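The next block holds one structure in the form of structure tokens; read it before the comments.
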Amino acid sequence: MRVLVTGGAGFIGSNYVRQALTGAYPALADAELVVLDKLTYAGNLANLAPVADSPRLRFVRGDVCDATLVADLMRGTDLVVHFAAESHVDRSIQGAADFVLTNVVGTQTLLQAALDAGVGKFVHVSTDEVYGSIEHGSWSEDHVLEPNSPYSASKAASDLLARSFHRTHELPVCITRCSNNYGPYQFPEKVIPLFVTNLMDGKKIPLYGDGLNVRDWLHVDDHCQGIALVAEKGRPGQIYNIGGGVELTNRELTDRLLAALDADESMIQPVIDRKAHDRRYSLDITKISDELGYRPLVSFEEGLAGTVRWYQDNRHWWEPLKESAAVPEG
Ligand code: NAD
Numbered sequence: 014m015r016v017l018v019t020g021g022a023g024f025i026g027s028n029y030v031r032q033a034l035t036g037a038y039p040a041l042a043d044a045e046l047v048v049l050d051k052l053t054y055a056g057n058l059a060n061l062a063p064v065a066d067s068p069r070l071r072f073v074r075g076d077v078c079d080a081t082l083v084a085d086l087m088r089g090t091d092l093v094v095h096f097a098a099e100s101h102v103d104r105s106i107q108g109a110a111d112f113v114l115t116n117v118v119g120t121q122t123l124l125q126a127a128l129d130a131g132v133g134k135f136v137h138v139s140t141d142e143v144y145g146s147i148e149h150g151s152w153s154e155d156h157v158l159e160p161n162s163p164y165s166a167s168k169a170a171s172d173l174l175a176r177s178f179h180r181t182h183e184l185p186v187c188i189t190r191c192s193n194n195y196g197p198y199q200f201p202e203k204v205i206p207l208f209v210t211n212l213m214d215g216k217k218i219p220l221y222g223d224g225l226n227v228r229d230w231l232h233v234d235d236h237c238q239g240i241a242l243v244a245e246k247g248r249p250g251q252i253y254n255i256g257g258g259v260e261l262t263n264r265e266l267t268d269r270l271l272a273a274l275d276a277d278e279s280m281i282q283p284v285i286d287r288k289a290h291d292r293r294y295s296l297d298i299t300k301i302s303d304e305l306g307y308r309p310l311v312s313f314e315e316g317l318a319g320t321v322r323w324y325q326d327n328r329h330w331w332e333p334l335k336e337s338a339a340v341p342e343g
């Protein structure tokens, strides 16, 4: 079996690859994994270092918009797991062109090549942000899409393109929409690694607006486990929400991180709110739980403590990234 993993050198994609190559997903026990990644600022070969010697891993540096390369890689592929994306909302507010190219055109390029090659399954990794913002209750998969940022709009476009390739061409596509991931190897522009690494260096942490925006937190191991289930057993044409079941305001999250790093609220630097900042995300995960037996297994307490420890133990991984990528310091 051959699996094409796009964006496999990023935060979530590399977790999936490391897990797959170390036996976490029995269905992929003997699979060959081909990683296609452009290595943008967010891609990092160091994320694959723990499995770099695996004879089952092949890395290809390239762009998901490169139709010739993608067609070539798609031949003989049984499963595509499509993670590659421009993924940071703040960057999409500064400029959305790369988001449309990679997230929309790149996804269309992959879908067309998968169709031409007769690929057996295509898992498109989407996001809960395509739904917009919800005051009460939780989104089920048939909720209307009302994305508010250029990032989430580009993800919604790619999500709908993936759906259309199933409806129009019967390409066996599954779409996953997950909540906010956290865990080791997350690029230090995202809130948890940014706050942890700032606090480790005695720097302030920038908290948006009133800090009352609510996010559902999902450990990256649980997310990738959900993706593996969808890849193996998900019904073609179906959408599956994948959540962690832990809703926190950004202020509550901040307080936990301050406590974990022995700091107090004087380290908080309030900053002007993000434009069109979604107030609350909340996923109903009944469908994936009932149909595929998905359960998030990592408790938030353990997952967060492990994540903080990982950043404390791996300064050599994140320090150069913070210096090179103009990550805000607060
Ligand atoms: P990331 O930014 O850490 O990694 C993205 C990877 O894609 C990088 O390795 C990058 O080099 C690669 N890439 C970017 N443009 C490319 C291109 N044109 N061609 C080939 N490779 C390219 O992102 P992540 O946090 O790992 O997210 C993975 C997926 O999960 C994305 O599709 C994202 O939208 C989705 N998602 C993420 C979260 C989250 O909390 N991180 C939540 C919901 C959904």
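If you're matching positions, the sequence shown starts at 14 in our numbering and goes up one per residue.
Ideal placement from N, C-alpha and C gives every residue a C-beta, glycine not left out.
Since the model is a prediction, treat every value here as computed from it, not as a measurement.
The alpha carbon of Asp-223 has as its nearest neighbour, out of Asp-214, Ile-285, Ala-170, the alpha carbon of Ile-285.
In terms of Cα proximity to Ile-205, the closest of Val-321, Asn-60, Ala-33 is Val-321. Under the three-state reduction of DSSP, Ile-281 is assigned to strand. Within a 10 Å sphere around the beta-carbon of His-232 sit 16 or more other beta-carbons, which makes this residue buried. Per the coordinates, the alpha-carbon of Ser-279 lies some 48 Å from the alpha-carbon of Val-186. The shortest C-alpha to C-alpha distance from Val-113 to any of Asp-76, Val-136, Lys-168 is the one to Lys-168.
Arg-88 and Asn-116 have their C-alpha atoms some 22 Å from each other. Excluding the 5 residues flanking it on each side, Ala-127 has same chain C-beta neighbours closer than 7 Å at Met-87, Val-93, Phe-135, Leu-184, in chain order. Distance from the C-beta of Phe-135 to the nearest heavy atom of the ligand NAD is not below 6 Å. With fewer than 16 neighbouring CB atoms inside 10 Å of its own CB, Gly-108 falls in the exposed class. Annotation: Pro-219 to Gln-282 spans about 5 Å, alpha carbon to alpha carbon.
By the CB criterion at 7 Å, Leu-334 and Pro-201 fall inside the cutoff. The beta carbon of His-179 lies closer than 8 Å to those of Pro-185, Val-186, Pro-249, Gly-250 in the same chain, with the five residues before and after it left out.
Each residue's CA atom was taken as its position, placing Asp-43 and Arg-292 some 43 Å apart. When DSSP states are grouped into helix, strand and coil, Tyr-324 belongs to the helix group.
In the pairwise beta carbon analysis, the region 40-56 is classified as touching the region 65-76: at least three pairs are separated by under 8 Å.
Put simply, the backbone Cα of Ala-241 is about 28 Å away from that of Leu-207. Contact annotation: Leu-158 and Val-143 have beta-carbon atoms nearer than 7 Å.
Beyond the five residues adjoining it in sequence on each side, Leu-225 comes within less than 6 Å, by CB distance, of Thr-262 in the same chain, given in chain order. For Tyr-221, the uninterrupted beta strand (DSSP E) run begins and ends at 218-221, by DSSP. Counting only residues of its own chain and dropping the five nearest sequence neighbours on each side, Ser-153 has a CB closer than 8 Å to the CB of Asn-254, Asp-297, Thr-299, Lys-300. When DSSP states are grouped into helix, strand and coil, Leu-231 belongs to the strand group. A distance criterion of 6 Å places the beta-carbon of Ala-97 in contact range of the ligand NAD, judged by its closest non-hydrogen atom.
With 16 or more other Cβ atoms inside 10 Å of its own Cβ, Gly-20 counts as buried.
Taking every protein chain shown into account, the CB of Ser-295 has 16 or more other CB atoms within 10 angstroms, so this residue is buried. For the 7 Å CB-CB criterion, Thr-189 and Val-243 form a contact. Across the set Arg-228, Trp-331, Thr-90, the C-alpha of Trp-331 shows the shortest separation from the C-alpha of Asp-214.
For Ala-97, the CB contacts under 6 Å within the same chain, skipping 5 residues up- and downstream, are Thr-19, Gly-20, Val-77 in chain order. Taking C-alpha positions only, Gly-119 is separated from Ala-110 by approximately 12 Å. Here Tyr-195 is bridged, per DSSP, to His-232.
Within the chosen limit of 6 Å, the ligand NAD does not reach the beta carbon of Thr-189 with any heavy atom. Here Thr-267 carries a helix assignment [DSSP, helix/strand/coil].
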